[in-house]
Structures are given as C-alpha cells and as structure tokens.
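At the far end of the sequence shown sits residue 305, using this note's numbering, and the numbering has no gaps.
What follows is one structure encoded as structure tokens, with my remarks underneath.
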Amino acid sequence: MDSIADVLQDYLNNVIYDPEHAVLDLQKLPEEFQEFGKNLVFFSDCVMEMGALAKAISKGNLGVVLPSPINEMAAPLKALHASLKHLTWQTQQVAKGDYQQRVDFMGDFSEAFNEMVEQLEQRRLNLLTDICTEREKLKEFQNIANIDTLTQLNNRRYGMEVMEKWLLEGRSFVLCFVDIDNLKFVNDWYGHAEGDKYITCISDAMSELTPEAVICRIGGDEFMLLSEDWNSEVAKEKLEILRKRLINCNCAYERSISYGVIKVGSDNTLKVSDLLSAADEKMYEYKRAYKLRQKRKS
Numbered sequence: 008m009d010s011i012a013d014v015l016q017d018y019l020n021n022v023i024y025d026p027e028h029a030v031l032d033l034q035k036l037p038e039e040f041q042e043f044g045k046n047l048v049f050f051s052d053c054v055m056e057m058g059a060l061a062k063a064i065s066k067g068n069l070g071v072v073l074p075s076p077i078n079e080m081a082a083p084l085k086a087l088h089a090s091l092k093h094l095t096w097q098t099q100q101v102a103k104g105d106y107q108q109r110v111d112f113m114g115d116f117s118e119a120f121n122e123m124v125e126q127l128e129q130r131r132l133n134l135l136t137d138i139c140t141e142r143e144k145l146k147e148f149q150n151i152a153n154i155d156t157l158t159q160l161n162n163r164r165y166g167m168e169v170m171e172k173w174l175l176e177g178r179s180f181v182l183c184f185v186d187i188d189n190l191k192f193v194n195d196w197y198g199h200a201e202g203d204k205y206i207t208c209i210s211d212a213m214s215e216l217t218p219e220a221v222i223c224r225i226g227g228d229e230f231m232l233l234s235e236d237w238n239s240e241v242a243k244e245k246l247e248i249l250r251k252r253l254i255n256c257n258c259a260y261e262r263s264i265s266y267g268v269i270k271v272g273s274d275n276t277l278k279v280s281d282l283l284s285a286a287d288e289k290m291y292e293y294k295r296a297y298k299l300r301q302k303r304k305s
C-alpha cells in the first residue's frame with residue numbers, strides 16, 4: 008500500500024505535469040489528513056485555474072472564463088486580464104482615429120504606448136496641414152488655369168466648362184458675344200501696350216454690368232457673357248448703353264464694341280460651338296449694320 012506521502016506526491020506531480028488527471032481520493036487518507044487533503048485540493052484547483060488563465064492570456068485569448076471569485080490567488084492575473092482587455096479597446100479606438108487615448112497602468116509599456124499615440128497624432132496633424140497646403144496650391148493652379156492674365160476675367164476654358172455645365176443642367180440663359188472694335192488699328196497706330204489698355208478698359212466696363220454674370224475673355228478681342236438674370240432685350244439694352252458710354256469717353260481714339268445676343272432655352276439641342284457661332288454671327292450682323300448706318304450718314 009502506498010504511503011500517505013506517496014499519494015500526496017503523485018497528486019502534486021499530476022497537478023504540475025498532468026492537470027487533467029490530478030485527482031486526490033480523500034477516502035484513502037487517514038482521518039487526521041482529511042482536512043489537509045481538502046485544503047490541498049482547493050489550493051491545487053486555484054493553481055490550475057491560474058495556469059489555465061495564464062495560458063489563455065499568453066495566446067491572446069481574452070475571452071476565457073475567469074477563475075471563481077473565491078480564488079484570491081488569481082487576483083493579480085485577473086487584474087492583468089482586465090488591463091489587457093481595456094488596452095485592446097483603447098488600441099481599437101486608436102485604430103479608428105482617436106489619438107486622445109492614453110495608458111497609465113502598465114509601467115514602461117504605458118510610456119511606449121503613449122509616445123506611439125502622440126506620434127500618430129502629430130503625423131495626422133502634419134498630414135492635415137499638408138492636405139490643406141496642397142488644396143490651396145490646387146485651388147491656386149485652378150485659378151491660374153481659369154483666369155485670363157491680362158484682364159483677370161475668366162478665360163475661354165472656364166467659359167466653355169460653365170456653358171457645358173449649364174446645358175447639361177437644362178438651364179435657360181442669355182449668351183452675349185462681344186467684340187472690341189478697331190483693336191488692330193489701335194495696336195498698329197498706338198502700340199500693343201495701348202492695345203492692352205483698350206482691352207482692360209473693355210473688360211473693366213463689362214465687369215460692372217452685373218455681378219451675377221459669367222464674363223470671359225475668349226480671344227484677343229472677343230468676350231463672352233453668360234447671364235441667367237437677363238432676357239435678350241435686357242442684354243441688348245445693357246450692351247448698347249455700355250457701347251455708347253465707351254464711344255463718348257475722352258480718348259485719343261474711338262472705343263466701342265459690337266455684340267451679338269442669343270437666348271438659350273432649357274430645350275436647347277445645339278452644342279456649345281454651335282451656340283458660339285450663332286452669337287458670333289449676330290455680332291457680325293450688328294457690326295455690318297453699324298457700318299452701313301455710318302456710311303449712310305456720310
């Protein structure tokens with residue numbers, strides 16, 4: 008028959024090396040060892056619970072069943088388990104972009120974690136700054152691409168894009184095609200610097216017509232005006248007033264414009280190029296009619 012020491016030794020060996028088969032038959036113990044045996048079994052159960060929890064934590068399994076509340080020996084491991092679960096949640100928050108998370112309960116690890124999060128936050132801020140800078144640069148480049156350098160009006164490219172957009176949206180608007188009269192004469196007789204002044208004079212005057220219109224310089228002496236607020240008659244009236252004001256200004260040469268106006272309805276089927284050609288033809292009709300009137304006066 009095994010001695011009490013052998014029974015207890017075999018039990019402890021199984022607890023350490025083969026927990027699944029660790030069984031102590033208390034009935035084999037003398038009565039005076041019964042209480043000790045119960046306490047030894049309880050102690051062993053606590054140790055095995057701690058071992059199972061430690062093994063789960065080492066594998067990253069935080070969903071394991073925790074030791075019973077009466078296992079006070081497992082308290083530090085349970086505290087570690089709780090800390091790791093909270094740290095996992097904080098890490099998930101950081102992954103979602105919450106860089107305000109900080110750890111203050113894990114010693115050296117806390118310092119490393121907090122430094123990492125601070126660096127991520129700084130990189131995020133730097134990235135946002137870079138994005139804002141690039142957006143500003145892009146906006147500046149877009150403005151450069153859309154602006155006529157001499158007049159600071161919109162250029163042909165921008166005007167064509169706006170008209171294409173309005174046509175796609177089925178808008179109704181007035182298209183005005185404006186041509187500067189006698190620009191070649193001014194360039195030839197007074198120089199291109201004066202010719203540029205003539206162009207900017209016309210562009211400034213057109214800009215004062217209405218703040219709502221899209222006004223573009225689409226060629227050397229050609230402008231386009233798009234307005235949803237005018238009808239054809241109002242547009243012609245405004246442009247005729249502008250023309251007379253230019254003619255009557257005190258200048259070494261006569262300044263004037265010729266213009267053509269067409270109404271573009273929501274049911275329009277013409278392309279942008281066709282609409283421009285139609286407005287251009289209206290402008291030449293105006294120019295020919297003016298020259299005819301001047302010839303009859305002479």
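Glycine is no exception: its CB is placed at the ideal position from the N, C-alpha and C atoms.
Quick caveat: nothing in here was measured; it's all calculated off a predicted structure.
Restricting to Cα atoms, I'd like to know which of Phe43, Val221 and Lys62 is closest to Ala11.
Mapped onto the sequence shown, residue 11 falls at position 4. The amino acid at residue 11 is misidentified as Ala; the sequence shows Ile. Checking every option, the nearest Cα to that of Ile11 belongs to Phe43.
What span of residues does the alpha helix (DSSP H) with Arg164 cover, start to end? Looking up residue 164 in the sequence shown gives position 157. Where Arg164 is concerned, the enclosing alpha helix (DSSP H) starts and stops at Arg163 to Leu175.
Practice task
Below 7 Å CB to CB, which residues in the same chain sit around Leu216 once its five sequence neighbours on both sides are set aside?
Solution key: Residue mapping note: residue 216 aligns to position 209 of the sequence shown, counting from 1. Answer for Leu216: Lys245 and Leu249, listed in chain order.
>> Three or more C-beta pairs under 8 Å: does that hold for the segment 130-144 against the segment 183-200?
In response: By the Cβ rule, the segment 130-144 does not count as touching the segment 183-200, because fewer than three pairs are nearer than 8 Å.
* What is the DSSP secondary structure of Leu84, counted as helix, strand or coil? -> By 1-based counting over the sequence shown, the position of residue 84 is 77. The three-state secondary structure of Leu84, taken from DSSP, is helix.
ask   = Name the DSSP bridge partner or partners of Phe230?
value = As a working note, residue 230 is residue 223 in the sequence shown. Per DSSP, Val185 and Arg224.
TODO: Kindly give me the distance between the Cβ atoms of Leu73 and Leu60, rounded to whole angstroms, as I take these residues to be in contact under 8 Å.
DONE: Position 66 of the sequence shown holds residue 73. Position 53 of the sequence shown holds residue 60. Cβ-Cβ separation between Leu73 and Leu60: approximately 7 Å, consistent with a contact (criterion under 8 Å).
Answer yes or no: the CB of Lys204 versus the heavy atoms of the ligand PLP, is any distance below 6 Å?
In the structure shown, the ligand PLP is absent, as is every other ligand, since no ligand is present at all.
Based on Cα-Cα distance, which residue from Trp237, Tyr266 and Val124 lies nearest to Lys103?
-> Within the sequence shown, residue 103 is the residue found at index 96, counting from 1. Nearest of Trp237, Tyr266 and Val124 to Lys103, Cα basis: Val124.
- Task: Compare the Cα-Cα distances from Lys62 to each of Leu84, Phe50, Pro76 and Asn46 and report the closest residue.
- Result: Here residue 62 refers to the residue found at position 55 when the sequence shown is read from its first residue. Selection Leu84, Phe50, Pro76 and Asn46 evaluated against Lys62 yields Leu84 as nearest (Cα-Cα).
_I need the boundaries of the beta strand (DSSP E) containing Val268, first residue and last residue._
Here residue 268 refers to the residue found at position 261 of the sequence shown. Boundaries of the beta strand (DSSP E) harbouring Val268: Ile264 to Val271, taken from the DSSP string.
> Within 10 angstroms of its Cβ, does Ala296 collect 16 or more other Cβ (buried), or is it exposed?
Replying inline: Counting from 1 along the sequence shown, the entry for residue 296 is found at position 289. The residue is exposed, with fewer than 16 neighbouring Cβ atoms inside 10 Å.
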